[in-house]
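For reference, the structure discussed in these notes is given below.
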Amino acid sequence: MGNVGLLFVGAVLYVNGLLLLEKVDARSAAVFNLFVGGLQVLTPTYLIFTAGNDSMKILAASGIYLFGFTYLYVGIVLLAGIDNIGVGYYSLFVAIVALGYSFVNFHLFKDYPFGVIWLYWSFLWFLFFLVLGLKKTELSAYVGWVTAIEGWVTGVIPAALLLSGYWKHTTEIAIALGAFGVVVFAALWPLTRKSRLPAPAAGSAGSTAKTS
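Residues in the sequence shown are numbered from 0 upward in steps of one, following numbering that gives the first Met the number 0.
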């Protein structure tokens with residue numbers, strides 16, 4: 000059940016990445032966020048209620064709420080047209096807590112790929128904090144690309160492999176994920192540099208035109 004939810008986490012991250020890149024309308028993205036947010040609240044609730052006294056299963060399911068509440072929050076904010084600064088500061092909370100879940104996956108569950116994936120999510124939610132909480136809107140293009148890519152790398156592809164029984168050689172997967180993240184997200188920074196540059200002032204453009 001959790002793997003199905005992971006598939007749709009990938010889908011909503013992909014859509015939200017396109018939203019940041021201004022390829023998707025905010026209200027249509029909001030509806031999908033509500034769908035996935037609802038799923039990501041119902042799923043861990045079911046998993047926890049059926050876990051009995053297995054504290055490890057409860058711990059594993061508890062992290063899903065971080066995403067469910069994010070998407071519900073985003074969906075409501077977008078539909079209501081209210082300031083998203085609260086989402087930004089909640090994202091900082093998620094980014095910090097995700098580091099703890101990464102530690103848990105590495106050291107308690109020995110699930111090395113998801114130890115790396117939680118680091119991906121911590122990085123992404125910290126970027127959401129910068130854009131939404133601190134209003135670093137010049138980073139929107141970079142964050143949009145990171146979000147869309149993470150949708151596939153941390154959601155859709157792992158979910159598909161888990162659901163089909165091809166999630167094997169986990170140590171190698173963890174190494175590949177780590178290398179991919181460092182290389183791709185570092186390469187995206189200079190590639191999105193143009194979008195972070197301030198637009199020239201109208202007066203300056205006019206002065207240049209007159210003197211050329």
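Quick reminder that beta carbons are idealized off the backbone N, C-alpha and C, glycines included.
For Gly74, the enclosing alpha helix (DSSP H) has its first and last residue at 63 to 79. By the neighbour-count definition (other C-beta atoms within 10 Å, threshold 16), Tyr165 is an exposed residue. If you look at Lys193, you'll find it in the alpha helix (DSSP H) that goes 192 to 195. Residue environment analysis places Ser121 among the buried positions, since at least 16 neighbouring C-beta atoms fall within 10 angstroms of its C-beta. Here DSSP, grouped into helix, strand and coil, assigns Tyr165 to coil. The beta carbons of Gly99 and Thr42 sit no closer together than 8 angstroms.
The shortest CA-to-CA distance from Val30 to any of Val183, Ile172, Tyr70 is the one to Tyr70. Using a C-beta cut-off of 8 angstroms, the stretch 138 to 150 makes contact with the stretch 8 to 21, since at least three inter-stretch Cβ pairs fall below that distance. Between Gly150 and Leu12, the C-beta gap is smaller than 8 angstroms, which places the two residues in contact. Cα atoms of Leu6 and Val115: separation of roughly 17 angstroms, rounded to the nearest angstrom. Nearest to Gly177 by C-alpha distance, out of Pro112, Leu160, Ile57, Pro197, is Pro112. For Val181, the three-state secondary structure derived from DSSP is helix. For Asn32, the enclosing alpha helix (DSSP H) stretches over residues 25 to 48.
In the structure shown, Phe108 adopts coil according to DSSP, grouped into three states. Taking Ala25 as the centre and dropping the five residues before and after it, the same chain places the C-beta of Leu18, Leu77 closer than 8 angstroms to its C-beta, in chain order. Thr146 and Leu123 have their C-alpha atoms spaced approximately 7 angstroms apart. Within its own chain, the residues whose Cβ lies closer than 7 angstroms to the Cβ of Val96, once the five positions on either side in sequence are excluded, are Leu65, listed in chain order. In the displayed model, Glu21 falls within coil according to three-state DSSP, outside both helix and strand.
The residue from Ile174, Ser194, Gln39, Ser90 with its alpha-carbon nearest to that of Gly4 is Gln39.
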